[in-house]
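First residue of the sequence shown? That's 232 in our numbering, and the numbers climb one at a time after it.
The C-beta atom is built at its ideal place from N, Cα and C for all residues, glycine as well.
Source: prediction; values computed, not measured.
One structure is given below, encoded as C-alpha cells.
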Amino acid sequence: MVSEVDALYAETRAETGLASMSPAVRAALAKVERHRLVPAAQAALAYRNHPLPIGSGQTISQPYIVALSTDLLKADSNSVVLDVGTGSGYQAAVLAEIVKQVYSIEIVKTLGKTAAARLTEMGYRNIEVKIGDG
Numbered sequence: 232m233v234s235e236v237d238a239l240y241a242e243t244r245a246e247t248g249l250a251s252m253s254p255a256v257r258a259a260l261a262k263v264e265r266h267r268l269v270p271a272a273q274a275a276l277a278y279r280n281h282p283l284p285i286g287s288g289q290t291i292s293q294p295y296i297v298a299l300s301t302d303l304l305k306a307d308s309n310s311v312v313l314d315v316g317t318g319s320g321y322q323a324a325v326l327a328e329i330v331k332q333v334y335s336i337e338i339v340k341t342l343g344k345t346a347a348a349r350l351t352e353m354g355y356r357n358i359e360v361k362i363g364d365g
C-alpha cells in the first residue's frame, strides 16, 4: 500500500507540490494497523488505497488522502494537532505517530466511542477523542 500511495504523490506533484512522501509519513503509514480501525467485514480490504465504509454513512479515508493531508501539515514531534471528524481514528493514528498530541472531535457518538476504544487498545496515549460538534 505504501508504494502505491507514494506513486500517487508523483502523479499529483503539479497540484500538491510534493513529489514523494516524507520519511515520517511513510513510517507512520507503514506502522498504523489500518485493519484494526475498520469494521471486521472490511478488514480484508483495509490495505487497499480506497475509502471504506465504517458505519453511520461515513468512510475511512483513502490512505493517499491521509498521507497527503499529513504531509501538507508539515507537523513534527513538537506539534499539537486538532483532527475534526475522528471517524475511524485512522487520520488521528497516523498523526499520532508523528506529532506530540492529537485532539480529535467526532459528532457521531458511536463512531467517536468506537474510535477512542480502538485507539486506546492500539496503545495510543497521545490521542484524545471528544464527542461533539467541531
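Using CA atoms only, rank isn't needed, just tell me which of the options is closest to residue i.
{"i": "Val-315", "options": "Leu-276, Asp-364 and Thr-345", "result": "Asp-364"}
{"i": "Ser-308", "options": "Glu-246, Glu-359, Val-256 and Ser-251", "result": "Val-256"}
{"i": "Met-232", "options": "Ser-310, Ile-296, Thr-247 and Lys-361", "result": "Ile-296"}
{"i": "Tyr-334", "options": "Arg-349, Val-360 and Ala-275", "result": "Val-360"}
{"i": "Val-311", "options": "Gln-332, Ala-275, Ile-338 and Ala-323", "result": "Gln-332"}
{"i": "Ala-271", "options": "Ile-338, Ser-292, Ser-319 and Arg-356", "result": "Ser-319"}
{"i": "Val-339", "options": "Leu-350, Ala-274, Arg-356 and Ile-362", "result": "Ile-362"}
{"i": "Met-353", "options": "Arg-265, Leu-313, Thr-341 and Ile-336", "result": "Arg-265"}
{"i": "Pro-282", "options": "Glu-246, Pro-294 and Leu-342", "result": "Pro-294"}
{"i": "Ile-358", "options": "Ala-245, Ile-336 and Gln-273", "result": "Ile-336"}
{"i": "Leu-299", "options": "Tyr-355, Thr-247 and Arg-356", "result": "Thr-247"}
{"i": "Val-236", "options": "Asn-280, Lys-344, Ala-323 and Gly-343", "result": "Asn-280"}
{"i": "Leu-342", "options": "Ala-324, Ala-238 and Thr-290", "result": "Thr-290"}
State the CB to CB distance for the pair residue i and residue j, rounded to an integer number of angstroms; the pair is presumed to be in contact (CB under 8 Å).
{"i": "Thr-301", "j": "Ala-346", "result": "Rounded, the Cβ-Cβ distance is 17 Å, inconsistent with contact."}
{"i": "Tyr-321", "j": "Leu-268", "result": "5 Å"}
{"i": "Ser-251", "j": "Ala-241", "result": "7 Å"}
{"i": "Ala-324", "j": "Tyr-355", "result": "6 Å"}
Determine the extent of the alpha helix (DSSP H) in which residue i is found, giving its start and end residues.
{"i": "Glu-246", "result": "244 to 247"}
{"i": "Val-325", "result": "321 to 327"}
{"i": "Ser-300", "result": "294 to 304"}
Original post:
Is there contact here, the stretch 302 to 312 with the stretch 273 to 290, by at least three beta-carbon pairs under 8 Å?
Top reply: no
> On the three-pair Cβ rule with 8 Å, is the stretch 255 to 264 touching the stretch 322 to 332?
Replying inline: yes
Taking the runs of the alpha helix (DSSP H) that are 4 residues or longer, which of them lie wholly in the stretch 237 to 291? 244 to 247 and 254 to 262
| request: Please list the segments of the beta strand (DSSP E) lying wholly inside the stretch 310 to 365, counting only runs of 3 or more residues, in order along the chain. | output: 311 to 315, 332 to 337 and 358 to 362
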